[in-house]
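Numbering (my numbering), first residue to last: 656 to 737.
Notes follow the structure.
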């Protein structure tokens, strides 16, 4: 019986921090203000345009950079596909 109580207390001692951690990690992300999203999107577009303008220096690298920028931009909160 003492072993059962000890086992229960050990499981409870582990469950509380895990539940707390899960609760903090699943909290909703606060919305990003529209002005910050617009500034971020303008910066990303500027990077994409810079890579395109200098594609004659390293065409393969420029293509990789543009693809990476586009992929990451789509994954951002408030991005084109959000």
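Beta carbons: idealized from backbone N, C-alpha and C, even for Gly.
Given the structure is predicted, the values throughout are model-derived calculations rather than measurements.
| Asked | Found |
| --- | --- |
| Local Cβ density within 10 Å of residue 706, reported as buried at 16 or more and exposed below that | buried |
| Sequence-distant residues of its chain with Cβ nearer than 6 Å to residue 745 (five each side left out) | Residue coverage of the chain in this structure runs from 656 to 737, which leaves residue 745 outside it and unanswerable. |
| Where residue 673 falls: helix, strand or coil (DSSP) | helix |
| CA-to-CA distance, residue 667 to residue 698, given in whole angstroms | 49 Å |
| Cβ separation of residue 702 and residue 724, assumed to be a contact under 8 Å, to the nearest whole Å | 6 Å |
| Residue from 690, 721 and 715 with nearest C-alpha to residue 704 | 721 |
| Cβ distance (whole Å) where residue 660 is taken to contact residue 732 below 8 Å | So it is not a contact: roughly 46 Å between Cβ atoms. |
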